[in-house]
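What follows is a short report on a single structure.
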Amino acid sequence: MIKRLSWVIFVFLDYSPEKVSTNKFRDSGLSAIAKGGFINLIGLFFFLISNFLYQFILVRILSPADVGLFNLSSTIAGLIGLVVLFGIDRAVVRYVAYYWGKKDRERELGAVVSSVRVLLLLVFIVTPLFWIEAENIAIFIFKKPDLAPVLEIFILGAPFVAFTRLLMGVLQGYKQMKPMVLIEQISVPVLRVVGVSVVILAFVQTSKVVSISFLVASIIGCGLAVIIVRRAYVARKGDTKPVPIYSELLR
Numbered sequence: 012m013i014k015r016l017s018w019v020i021f022v023f024l025d026y027s028p029e030k031v032s033t034n035k036f037r038d039s040g041l042s043a044i045a046k047g048g049f050i051n052l053i054g055l056f057f058f059l060i061s062n063f064l065y066q067f068i069l070v071r072i073l074s075p076a077d078v079g080l081f082n083l084s085s086t087i088a089g090l091i092g093l094v095v096l097f098g099i100d101r102a103v104v105r106y107v108a109y110y111w112g113k114k115d116r117e118r119e120l121g122a123v124v125s126s127v128r129v130l131l132l133l134v135f136i137v138t139p140l141f142w143i144e145a146e147n148i149a150i151f152i153f154k155k156p157d158l159a160p161v162l163e164i165f166i167l168g169a170p171f172v173a174f175t176r177l178l179m180g181v182l183q184g185y186k187q188m189k190p191m192v193l194i195e196q197i198s199v200p201v202l203r204v205v206g207v208s209v210v211i212l213a214f215v216q217t218s219k220v221v222s223i224s225f226l227v228a229s230i231i232g233c234g235l236a237v238i239i240v241r242r243a244y245v246a247r248k249g250d251t252k253p254v255p256i257y258s259e260l261l262r
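Its first residue numbered 12, the sequence shown is counted upward by one per residue in our numbering.
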């Protein structure tokens with residue numbers, strides 16, 4: 012009788028004895044998703060506030076022409092960053108999480124090492140080409156010679172932004188939301204605001220100088236990402252020898 016009653020309760024609550032462990036696992040997964048979403052929401056809030064302050068300061072200190080040059084250079088550098096990344100930042104999320112779940116530590120670490128090596132190769136090939144052609148891009152494509160010096164600085168910053176995105180992909184693969192949000196959505200935007208504030212205090216208010224502050228913020232953000240990911244990688248590595256997975260990453 013008691014056994015039958017317990018079965019009725021299980022059915023009524025959409026449980027069964029076989030599903031109890033599954034539902035516990037599902038609840039823990041939902042809890043992790045909710046926690047990650049909340050952390051991401053906080054980071055997004057800081058990012059939007061910082062980005063608003065950044066754009067507000069730019070509009071206040073730069074002329075309309077300089078703001079246009081700055082934003083155009085930022086857009087072009089963003090496209091160059093996509094070329095440099097070649098989708099590796101998305102691939103590393105997938106393979107780190109996949110091999111981590113399968114407890115294949117050799118290929119899990121190999122995904123990290125392989126992605127960094129491939130990105131280094133692409134950076135050394137793509138970045139110099141665009142940097143050399145920055146003046147031609149400014150003159151012949153956009154008909155704006157003043158764009159060249161600003162664009163050159165943004166192109167120099169593109170590899171650091173690309174590496175930061177790649178390393179954020181590694182953290183995402185390990186489901187490490189806190190350091191990911193701290194770097195990408197809080198630290199880097201705040202550093203940009205601080206950099207622009209320094210420019211204001213220095214009374215050198217040109218798009219070229221502001222772009223240098225953007226470059227410095229990108230370098231510092233990349234450095235923070237390297238420190239955090241390296242610490243996590245060393246902790247996972249131990250005596251394990253990584254197995255490269257170049258073909259999987261480039262599919």
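The beta-carbon is built from N, C-alpha and C at its ideal position, and this holds for glycine as well. None of these values were measured; they are calculated from a predicted model.
Extent of the continuous alpha helix (DSSP H) to which residue i belongs
| i | result |
| --- | --- |
| residue 218 | 218-248 |
| residue 119 | 116-143 |
| residue 189 | 188-192 |
| residue 202 | 199-213 |
| residue 185 | Here residue 185 belongs to no alpha helix (DSSP H), and DSSP marks it neither H nor E. |
| residue 90 | 75-96 |
| residue 99 | 99-112 |
Expected contact under 8 Å - CB spacing of residue i and residue j to nearest Å
| i | j | result |
| --- | --- | --- |
| residue 134 | residue 173 | 7 Å |
| residue 198 | residue 232 | 6 Å |
| residue 177 | residue 99 | 6 Å |
| residue 184 | residue 237 | Incorrect: roughly 16 Å between the Cβ atoms, too far for contact. |
| residue 169 | residue 88 | 5 Å |
C-beta neighbour in chain D for residue i, strict 8 Å
| i | result |
| --- | --- |
| residue 203 | Of the protein chains in this structure there is only one, and it is not chain D. |
Alpha-carbon spacing of residue i relative to residue j, whole angstroms
| i | j | result |
| --- | --- | --- |
| residue 116 | residue 241 | 16 Å |
| residue 95 | residue 220 | 25 Å |
| residue 91 | residue 208 | 27 Å |
| residue 32 | residue 201 | Model confidence at residue 32 stands at a pLDDT of 45, short of 50, so the residue's coordinates are unreliable; what they give is reported in the following sentence. Approximately 44 Å, taken between the alpha carbons. |
| residue 138 | residue 212 | 32 Å |
| residue 149 | residue 224 | 21 Å |
| residue 54 | residue 196 | 5 Å |
| residue 226 | residue 165 | 7 Å |
| residue 36 | residue 113 | Unreliable positioning characterises residue 36 in this predicted model, as indicated by a pLDDT of 41, which lies under 50. The coordinate reading is nonetheless provided below. Each residue's Cα considered, the two are about 17 Å apart. |
| residue 86 | residue 93 | 11 Å |
| residue 67 | residue 131 | 35 Å |
| residue 159 | residue 143 | 10 Å |
Closest residue to residue i among the options (Cα-Cα distance)
| i | options | result |
| --- | --- | --- |
| residue 108 | 70, 179, 129 | 179 |
| residue 192 | 205, 175, 204, 206 | 175 |
| residue 262 | 254, 155, 126, 205 | 126 |
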